[in-house]
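As structure tokens, the structure follows; a few thoughts come after it.
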Amino acid sequence: MTNKLTTALIGVAICIAATLTGCYQDKGNYDYLDNIGEPVIESIPGVIDRNNTLFCLENELIKLQPVMRFAEGTSEGDYSYEWKRYNKTPEGTYGNYKQPEVIGTSLNLEYKIAETPTEYWAVFTVSNKKTGATTSHLFQFIISPLNGLIVLDEDASGKGEIGFIRDEDIVVGGDGRIVKNHFSAVNGGKKIEKGRLLGNGVNSKRMNMYIFADDDGYVLDPGTYKLQEATYLSLFNQTVGTPTTKAPQAYHYTDANGGFEVIVNDGKIYYVAYMMVWGAAVFNSTTLTGDDYNVAPVLAGVTNAGNSPGTRAVFFDLLKNRFMNIRLWGALIVPNSTSELFNPGKIDPSFEFVTLDEGKDGSTCAIFNKKGENGQLSPYLFRVDFKSAEPVPLECSDISALTGIRDANVYAFGTRGDFMFYATDSDLYCYRFGRESETHVFSVSGGEKISGLKVYVNKDDAQYNGKILFVTTNGGGSGKVYKFKFNEMTGAITEQGTVYSGFNHIIDLMYKK
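Written out as structure tokens, the structure reads:
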């Protein structure tokens, strides 16, 4: 009975505290405040100025220093202080709920976070020791998972690490801070060897984050980033489909239709179709009966909207110069078309594949170089929609007239508009499909070289999904990440944002919720 009454009173007290806090802060210097010795909480920097919410991370040391106005004739020592925190979602059973926890009894709060990510309410209460006059301030206390833009980098000796950019536009409560060297911090000082790319599989049957290396892979817990007991090869079917060579090259996960995970290893495709997994979730091999293939070390995902054949990812076969698709149930096919524009299942051998990625509405965009009679290579843009039973070629255009395109080495395609970004070592450009020219975005100098482009994609974020471009540069052993906001329909840059610096040589970027 006591616990139930206590819980009820806490709820009432918090409501009163929230109401009174606002009242106290609006009353100003009324005489009666001085008469009863009531204090006023004027501000809690880092809380009130951030939508009345304290965001913090696991293992972080929290320091809060409230700004107080004490009653006339009193000072800090005339008051007692209490910082109390309790779960937003009550824990326990009826009549035995977990009680609020006192985390500080001084004016300034200093508290080391030891809890896993969760959300609390917190109340800061100040009381006059002599008169009992009290004032309180209620705020949200949120322990956030370590998420945001993950950066895989390595030092001059080839030792790798992962860091996190807590950008304010892509992380709730993000303050722009950079959390560096997190892999070694949670894995006993261990470093990453020969890291190449990042991956994130979030299916409930096998929730892992991956750091793929030249000849192996690291399997991490997606919340703590600690190494799992699973090895790279243990992810595969041990009787059907285990790679003979450990060489991860590309990875993709989609949560559509129960979840589908696919990886390219040493030119071969392996998949997990979670909608058909009853036991262990493992990669199975894909084959074409009597037909060999060797796909490029890159793949493009395909959005689920309007996807009648269930195409999940697109690859390019270097052996026979053709596109390949993997579908909902793991079927690997060669997607042929009767279109006069081109047949994706049989690309003219004069075209040399460069790269591909997902474009607008799940279409696939690819760059090829065409050999001329004089041996000169002319860049071409191919676009095709693989979301119908027969693929729909959209474009095959000579783009060699675009400034810098012959020297381009990285590309990113709009996911909501028909355009692409491309970059040489020193210059970034934007090209709207069908236009005669490109737009120059920005340049780097002083030893910096552009090394990567990544469009921010988060379907749960309507405000910024497909509207932010991150650009990585390397030079002199250090790396930077530039942020650009752009119009999602045209690619036009609307704002050049923060430049995040202080990284080692950057290998890869990945957004993680």
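In the numbering used here, each residue's number is its place in the sequence shown (first place is 1) plus 622. C-beta atoms are modelled at their ideal positions from N, C-alpha and C, and glycine is treated no differently.
Neighbourhood of residue i by C-beta distance below 8 Å, restricted to the same chain and skipping five residues each side
i, result
"residue 991", "973, 974, 976, 999, 1000, 1001, 1002"
"residue 1129", "774, 775, 776, 782, 817, 818, 819"
"residue 770", "786, 787, 788, 789, 792, 793, 796, 1133, 1134"
"residue 628", "Any reading at residue 628 is ruled out, since the residue's pLDDT is 39, under 50, leaving its predicted position unreliable."
"residue 750", "658, 659, 660, 661, 693, 696, 700, 701, 756"
"residue 1080", "792, 1086, 1087, 1133, 1135"
"residue 806", "783, 812, 813"
Proximity below 9 Å, CB of residue i to CB of residue j
i, j, result
"residue 1099", "residue 836", "no"
"residue 885", "residue 954", "no"
"residue 793", "residue 766", "yes"
"residue 784", "residue 847", "yes"
"residue 1062", "residue 1047", "no"
"residue 971", "residue 957", "no"
"residue 1086", "residue 1104", "no"
"residue 662", "residue 686", "no"
"residue 868", "residue 931", "no"
"residue 985", "residue 1020", "no"
"residue 845", "residue 739", "yes"
"residue 768", "residue 679", "yes"
"residue 873", "residue 840", "no"
"residue 938", "residue 910", "no"
"residue 1012", "residue 1065", "no"
Same chain, Cβ closer than 6 Å to residue i, five either side skipped, listed in chain order
i, result
"residue 1118", "1106"
"residue 980", "922, 923"
"residue 1115", "1063, 1106, 1108"
"residue 828", "903"
"residue 647", "The predicted position of residue 647 is uncertain, since its pLDDT is 42 and thus under 50; a value taken from the coordinates is nonetheless stated next. Excluding positions up to five away in sequence, the list is empty."
"residue 964", "1015, 1018"
"residue 656", "With a pLDDT of 47 at residue 656, under the threshold of 50, the modelled position of this residue cannot be trusted; read the value that follows with caution. Once the five neighbours on either side are set aside, the close Cβ partners of residue 656 are 693, 694."
"residue 1070", "1095, 1097"
"residue 1083", "none"
Of the listed residues the options, nearest to residue i (C-alpha basis)
i, options, result
"residue 677", "720, 696, 692, 735", "735"
"residue 962", "1014, 737, 1009, 732", "1014"
"residue 949", "929, 726, 1101", "929"
"residue 919", "889, 909, 934, 910", "889"
"residue 987", "1026, 1022, 936, 856", "936"
"residue 882", "896, 871, 989, 1036", "896"
"residue 675", "707, 690, 691", "707"
"residue 1153", "753, 805, 807, 814", "For the chain, the structure presents residues 623 to 1135; residue 1153 sits outside this window and is missing."
"residue 760", "739, 732, 809, 710", "710"
"residue 943", "968, 951, 959", "968"
"residue 737", "764, 690, 803, 839", "764"
"residue 1037", "1012, 1078, 1022", "1078"
"residue 681", "664, 851, 804, 852", "804"
"residue 1149", "861, 809, 730", "Outside the shown range of the chain (623 to 1135) lies residue 1149, about which nothing can therefore be said."
"residue 989", "945, 952, 995", "945"
"residue 592", "907, 665, 1022", "Within the shown structure, residues of the chain are numbered from 623 to 1135, placing residue 592 beyond reach of any answer."
"residue 1073", "1084, 1126, 1056, 1082", "1126"
"residue 691", "1030, 664, 860, 855", "664"
Presumed contact (8 Å Cβ cut-off) between residue i and residue j, rounded CB distance
i, j, result
"residue 1028", "residue 1017", "So it is not a contact: roughly 19 Å between Cβ atoms."
"residue 878", "residue 825", "Going by Cβ atoms, the distance from residue 878 to residue 825 rounds to 11 Å, so no, they are not a contact pair."
"residue 822", "residue 742", "That pair is no contact at about 27 Å."
"residue 1101", "residue 1095", "7 Å"
Counted within 10 angstroms of its Cβ, other Cβ atoms place residue i as buried (16 or more) or exposed
i, result
"residue 1033", "buried"
"residue 631", "Residue confidence is low: residue 631 scores 36 on pLDDT, short of 50, so the model does not pin down where it sits. Its coordinate-derived value is still stated next. It counts as exposed."
"residue 916", "exposed"
"residue 997", "exposed"
"residue 1039", "buried"
"residue 898", "exposed"
"residue 843", "exposed"
"residue 1110", "buried"
"residue 933", "buried"
"residue 667", "exposed"
"residue 993", "exposed"
"residue 689", "exposed"
"residue 752", "exposed"
"residue 712", "exposed"
"residue 830", "buried"
Contacts around residue i, its chain only, beta-carbon distance under 7 Å, and the 5 residues preceding and following it disregarded
i, result
"residue 654", "Its pLDDT being 45, under 50, residue 654 is placed unreliably in this model, and the coordinates cannot settle the point."
"residue 1054", "1040, 1041, 1112, 1113"
"residue 1075", "1032, 1033, 1034, 1043, 1045, 1091, 1093"
"residue 858", "864, 865, 892, 904, 905"
"residue 650", "Here residue 650 scores only 42 on pLDDT, less than 50, and its place in the model is too uncertain to base an answer on."
"residue 798", "788, 789, 790, 1120"
"residue 704", "724, 727, 747"
"residue 1060", "1024, 1025, 1051, 1052, 1053"
"residue 1022", "1000, 1001, 1028"
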